[in-house]
Amino acid sequence: MAVASVPHGGVHVEQPDQLYNEIRDLRLQGFLLALISDCVLFSSFVFAYLYLRNSGQGWPPPGIPRLDVPFAAWNSVLLFGSGATMHYALENHKHNNFMKYMLFLIATIILGAGFLGGQGYEYTHLIVSEHITWSGSGIFGASFFTLTGMHGFHVFVGVIFLTVLLMQSAAGVYTREKFFGITAGTLYWHFVDVIWVLLFSIFYLI
Amino acid sequence: MATHAPVAHPGGIAGHIHQEPQGFVRRYVFSIDHKIIGIQYLITGFVFFILAGLLAETIRTQLLNANGGFVSPETYNEVYSIHGSAMVWLVVIPILTGGFGNLVFPLQIGARDVAFPWLNLLSFWIFPVAGLMLFSSFLMGAPTAGWTEYPPVSLQGAAGTSMWAAAIFLVGVSSTLTGINFVVTLLKMRAPGMTFTRMPLFCWAQFATAPLLMIATTALAAALAALFIERQFGVPFFDPTKGGSAVLWQHMFWFYSHPAVYIMILPAFGIISEVLPTFARKPIFGYKLIAFSSMAIALAGFMVWAHHMFTSGLAPYLQLPFMILTFAIGVPTGIKIFSWTATLWGGKIHLTTAMLFAIGFIALFTCGGITGIFLAAVPYDLDVHGTYFVVAHFHYVLVGGSMMGVFAGMYYWFPKMSGRLLNETLGKIHFWLFFIGFNGTFLPMHWLGVEGMPRWVASYDPQFEFWNRFASISSYVMALGMLVFFYNVISSARFGKRSGPNPWNGRTLEWMIPSPPHYYNFKNIPTVYGLPYDFSHPLPYKGLEDELNDSPPAAAGAH
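In order, the protein sequences belong to chains F and Z. All residue numbers in the first sequence are consecutive under my numbering, ending with 207. All residue numbers in the second sequence are consecutive under my numbering, ending with 1149.
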């Protein structure tokens, strides 16, 4: 909102940077809490998946082929790699290496988009060749496509988020002191990464 | 959100000042002021309360006679489903958290607003939209499986069930945003010296509720999303014929909805903890016990959901721990009851209407709590599950508890909202009509339930007719009490006696500033030295000296 910008007689005027820091802390906390409640959303579906999986008909259910684990593993490497590049992007921004920051950010976006492409390929393969669908393949289709789809949607949002950050950075919105957006983007991207560790383990490994 | 311009703001973020908006719409309709948003929540919540209350009277009218006849059995199913859903999600939760939470706790911690005012505006406006969606489901075949909407019945219902799921999902989004907002506000925006152990107990109650709003509600959102997806796209989660599990819904639903029970009662606990010491003129007994027991209840609330499912085929080795944990939650609740009673003991009790409702709350909530302990015992639950005993129990908790708390809060804080007092005589008439009507309605349900009258029936065995008729007539007395209340609120808002800043000699921060407060709440952010409840000591605040003279707040000249 608009902030009254006229200092008033007798009222102590604080340094703008201090206010920025306080507002950043506030927003960071709010953003973290939003991510926590997002975690709960995923946890609920993970719980539902594990519950259905253990409801007694064996896993995978009859008629469902094994998932292509090596392909998914290579695809996951893209996502985990993007977590690393995002980390270095933030570090470089903190240390004022603008070019390196931009390069790492671009790399993150490309890797994230690559992961989405891989997921698209996997979905197409499952639907077209294996005839596994969201609604027609029992609880496997329901839980697999809902959970990985939800995660894919989060990655998609993240790619857009980072692209906006990239354009803002190019326009010089962020400075060495003020980069809340980049911190939030990094947090979000790591969050998406961590969720994928969980999903990958429960769908492909166990 | 605030921009980064240089700004006059004593006390950092706790004191940052934004401009007061001009014009009726910006000030009162799309307001970002937490006090206005709180009042908006209260008004909207009470409008939905009237609608849901009319549905309740429809239920009671239907049950006047053993063979029903007022509405068709199908309509009856729709009526009780929407009554329950609306009372839980559109009345009790929004009024207690959105309404009183927004209105009171930023004042009590000495903040100028909540942490994210625009987010607050958004969470409010989602709420009436969702409410209209919920009621509009009547037009397309409302849900018929009660407020819990167990599959497979809810999977077979008309299109209104999907609308119901979407509406509750939206209310959930609104609650989650409010929860986030409250947590950040309470962590970051307290006035200097307002440590956690000096916070008024209403703030503690909101602080315990906010994570529940944030976490539990999201879990419900998952369940609702799954139900919606299953109904609209045929994706099997809950349909046993396609490999899903109907019990899964119960797990997902109750993992939210049990903590939601505490969302509905903890803020009421907070209100009672404010009203009792003020009108007993005594420090609250066991401040820390009350504060920490709220946190204990909030935490333990997540571990007891399966006590709603004792008859759903839960393995016996799971029933025992859930039974014991449920018993255990009675301990912190009991601590509160004892602390409140001890606060009253030896106090100079002023029997204002707010105090009457607070004492009524203790009596009725204790009854509801005791039947809760009955129901927590697996063998007893197996016996009375799905009978009117359960209906009696949760109405004693939710109406005798939460709604009595809401009324106590209304009489207590109405001066802060409007600058005027509610009429005490009308208030006492409201109290007695409501209290007597309430007990007449729900007390007989205990024995109806024990004798075996099932819930969700549009007609029943004639042997239950006398007590049902008694309950129905009593429910009209309750409704009469509500009419008195609404008349009182509307007429007093206009013509009521002017209250001045502190009509009750309260000691928390909201009473130290004019009624209604200025846009910025505080001219200068006060410093806090101690607990607000020590009535024999001087006030523990510094920096409030010129709050009550009527010149505009210090930085208001800026616009």
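C-beta: ideal position from N, C-alpha, C; glycine also. All figures in this text were calculated on a predicted structure; none of them were measured in a lab.
For residue i, I'd like the list of residues in its chain whose CB is within less than 6 Å of its CB, leaving aside the five on either flank, ordered along the chain.
{"i": "W1101 (chain Z)", "result": "N1092"}
{"i": "P684 (chain Z)", "result": "Y631, G635, F717"}
{"i": "F192 (chain F)", "result": "L36"}
{"i": "P611 (chain Z)", "result": "R617"}
{"i": "G747 (chain Z)", "result": "P733, T734"}
{"i": "L1134 (chain Z)", "result": "M1102, P1116"}
{"i": "A881 (chain Z)", "result": "W794"}
{"i": "A813 (chain Z)", "result": "M842, F843"}
{"i": "R54 (chain F)", "result": "W60"}
{"i": "L188 (chain F)", "result": "none"}
{"i": "V974 (chain Z)", "result": "G1039"}
{"i": "L654 (chain Z)", "result": "R1059, S1062"}
Using the beta-carbon of each residue, which ones in chain F are nearer than 8 Å to residue i?
{"i": "S752 (chain Z)", "result": "None at all; the shortest Cβ gap to chain F is about 15 Å."}
{"i": "V774 (chain Z)", "result": "L27, Q30, G31, L34"}
Let me check understanding here. Comparing Cα to Cα, which of the options lies closest to residue i?
{"i": "H88 (chain F)", "options": "F:A172, F:G139, F:T109, F:P62", "result": "F:T109"}
{"i": "W190 (chain F)", "options": "F:E23, F:A114, F:P71, F:V41", "result": "F:A114"}
{"i": "S884 (chain Z)", "options": "Z:Y618, Z:A755, Z:A812, Z:A795", "result": "Z:A795"}
{"i": "F105 (chain F)", "options": "F:F116, F:K95, F:L91", "result": "F:L91"}
{"i": "W75 (chain F)", "options": "F:M151, F:F116, F:S170, F:L29", "result": "F:F116"}
{"i": "L1129 (chain Z)", "options": "Z:L1138, Z:V1118, Z:T808", "result": "Z:V1118"}
{"i": "S1089 (chain Z)", "options": "Z:V1079, Z:F797, Z:V1074, Z:P1106", "result": "Z:P1106"}
{"i": "G139 (chain F)", "options": "Z:G833, Z:V865, Z:M1068", "result": "Z:G833"}
{"i": "S56 (chain F)", "options": "Z:L904, Z:K872, Z:F951, Z:L1099", "result": "Z:L904"}
{"i": "L686 (chain Z)", "options": "Z:G1096, Z:F1112, Z:S765", "result": "Z:S765"}
{"i": "G1150 (chain Z)", "options": "Z:P707, Z:V694, Z:P830, Z:Y877", "result": "A query on residue 1150 (chain Z) cannot be resolved here, the shown segment of chain Z reaching from 591 to 1149 and no further."}
{"i": "L711 (chain Z)", "options": "Z:F792, Z:I640, Z:L722, Z:D623", "result": "Z:D623"}
{"i": "P801 (chain Z)", "options": "F:Y21, F:R25, F:L20, F:L33", "result": "F:L33"}
{"i": "R650 (chain Z)", "options": "Z:R1097, Z:G1027, Z:I627", "result": "Z:G1027"}
{"i": "A85 (chain F)", "options": "F:L29, F:F204, F:G59, F:V195", "result": "F:V195"}
Can you pull the chain Z residues whose beta carbon is under 8 Å from the beta carbon of residue i, in chain order?
{"i": "S38 (chain F)", "result": "T766, G769, I770, M804, I805, T807, T808"}
{"i": "G115 (chain F)", "result": "Result: empty, since nearest Cβ-Cβ is about 28 Å, beyond 8 Å."}
{"i": "F46 (chain F)", "result": "A812, A816"}
{"i": "W135 (chain F)", "result": "F823, V825"}
{"i": "Q58 (chain F)", "result": "G833"}
{"i": "P62 (chain F)", "result": "G833"}
Among all the DSSP beta bridges, which residues are the ones paired with residue i?
{"i": "K1132 (chain Z)", "result": "Z:T1117"}
{"i": "P1044 (chain Z)", "result": "Z:T977"}
{"i": "R780 (chain Z)", "result": "DSSP, once it has assigned bridges, lists no residue as partnering R780 (chain Z)."}
{"i": "R1059 (chain Z)", "result": "Looking at the DSSP assignment, R1059 (chain Z) forms no beta bridge with any residue, so it has no partner."}
{"i": "R1010 (chain Z)", "result": "Z:R1088"}
Quick check on DSSP: helix, strand or coil for residue i?
{"i": "R702 (chain Z)", "result": "coil"}
{"i": "R25 (chain F)", "result": "helix"}
{"i": "R177 (chain F)", "result": "coil"}
{"i": "D971 (chain Z)", "result": "helix"}
{"i": "L767 (chain Z)", "result": "helix"}
{"i": "S138 (chain F)", "result": "coil"}
{"i": "F204 (chain F)", "result": "helix"}
{"i": "P611 (chain Z)", "result": "coil"}
{"i": "A905 (chain Z)", "result": "coil"}
{"i": "H96 (chain F)", "result": "coil"}
{"i": "K872 (chain Z)", "result": "coil"}
{"i": "W794 (chain Z)", "result": "helix"}
{"i": "D18 (chain F)", "result": "helix"}
{"i": "Y189 (chain F)", "result": "helix"}
{"i": "V661 (chain Z)", "result": "coil"}
{"i": "G10 (chain F)", "result": "In this prediction, G10 (chain F) has a pLDDT of 38, which is less than 50 and means its spatial position is unreliable; what the coordinates show is noted afterwards. The answer is coil: DSSP assigns G10 (chain F) none of H, G, I, E or B."}
Interface residues of chain F around residue i at Cβ under 9 Å?
{"i": "F1024 (chain Z)", "result": "Correct list: empty, because the minimum Cβ distance to chain F is about 36 Å."}
{"i": "K625 (chain Z)", "result": "Neighbours of K625 (chain Z) on chain F: none; closest Cβ ~16 Å, over 9 Å."}
{"i": "H841 (chain Z)", "result": "F48, A49, Y52"}
Between which residues of its own chain and residue i is the CB-CB distance below 7 Å, once the five residues before and five after are set aside?
{"i": "E178 (chain F)", "result": "D18"}
{"i": "P134 (chain F)", "result": "Rather than Pro, the amino acid found at residue 134 (chain F) in this sequence is Thr. Once the five neighbours on either side are set aside, the close Cβ partners of T134 (chain F) are I128, G142."}
{"i": "A705 (chain Z)", "result": "N771, V774, T775, K778, M779"}
{"i": "G153 (chain F)", "result": "L117, Q120"}
{"i": "G1137 (chain Z)", "result": "One point to set straight first is that residue 1137 (chain Z) is Glu, not Gly, in the sequence displayed. Here the set comprises M1102, I1103, F1112, K1113."}
Just the chain F side, please: which residues come within less than 7 Å of residue i by C-beta, in chain order?
{"i": "A705 (chain Z)", "result": "L27, G31"}
{"i": "L777 (chain Z)", "result": "Q30"}
{"i": "L838 (chain Z)", "result": "A49, Y52, L53"}
Quick one: what's got a C-beta closer than 8 Å to residue i's C-beta in the same chain, skipping five residues either side?
{"i": "F728 (chain Z)", "result": "E668, I672, G750"}
{"i": "V4 (chain F)", "result": "Because V4 (chain F) sits at a pLDDT of 40, beneath the cut-off of 50, its placement in the model cannot be relied upon, and the point is left open."}
Give a single yes or no on whether residue i has its beta carbon closer than 7 Å to a heavy atom of the ligand FAD.
{"i": "G1017 (chain Z)", "result": "Judged by which ligands are present, the structure shown has none, so any question about the ligand FAD falls away."}
Output, in chain order, the set of chain Z residues within a Cβ distance shorter than 9 Å of residue i.
{"i": "I140 (chain F)", "result": "P826, F827, K832, G833, G834, S835"}
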